[in-house]
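Novice: There's a structure below that I have some questions on.
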Amino acid sequence: MPMTALELRTNLKRLIDKTEDTSLLEWLQEVLASPEKGKAMAEDMLRVARLSDEDIAAGRTHTIDDVKLWMAEQKRKA
Numbered sequence: 716m717p718m719t720a721l722e723l724r725t726n727l728k729r730l731i732d733k734t735e736d737t738s739l740l741e742w743l744q745e746v747l748a749s750p751e752k753g754k755a756m757a758e759d760m761l762r763v764a765r766l767s768d769e770d771i772a773a774g775r776t777h778t779i780d781d782v783k784l785w786m787a788e789q790k791r792k793a
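Start counting at 1 in the sequence shown, then tack on 715, and there's your number in my numbering.
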């Protein structure tokens, strides 16, 4: 059963009160203050998630070891 608006607000307020991360709080303030921007950000995140799903389905992935090796190589080049 979906939460009511009151339940959602209460839960959000509780989570916000527990948060000490100022960058997260600033981001949240920006999203809530500008619904258009928040919607655009959400659409962007959804687009990236879909692209990621496509890459995974197509086998375009790397293991953690592959990434660590690549990072070590990049560090040596720097």
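Cβ atoms here follow ideal geometry from the backbone N, Cα and C, with glycine treated the same way.
Between Asp768 and Thr776, how many whole angstroms is the CB-CB distance? I'm expecting something under 8 angstroms.
Specialist: As a first step, residue 768 must be located in the sequence shown, where it is residue number 53. As a first step, residue 776 must be located in the sequence shown, where it is residue number 61. 11 angstroms between Cβ atoms; not a contact.
Novice: Just how far apart, CA to CA, sit Asn726 and Thr719?
Specialist: Within the sequence shown, the letter at position 11 stands for residue 726. Within the sequence shown, the letter at position 4 stands for residue 719. If you take the alpha carbons of Asn726 and Thr719, they lie about 11 angstroms apart.
Novice: Quick one: does the C-beta of Ala764 sit closer than 7 angstroms to a heavy atom of the ligand HEM?
Specialist: With respect to the ligand HEM, the structure offers nothing, as it holds no ligand at all.
Novice: Could you tell me the boundaries of the alpha helix (DSSP H) in which Arg724 lies?
Specialist: Here residue 724 is taken as the residue at index 9 of the sequence shown, counted from 1. Segment Ala720 to Lys733, the alpha helix (DSSP H) holding Arg724.
Novice: So the alpha helix (DSSP H) Met786 belongs to, where does it begin and stop?
Specialist: Taking the sequence shown and counting its residues from 1, one reaches residue 786 at position 71. Counted as a single uninterrupted DSSP element, the alpha helix (DSSP H) harbouring Met786 occupies residues Ile779 to Lys792.
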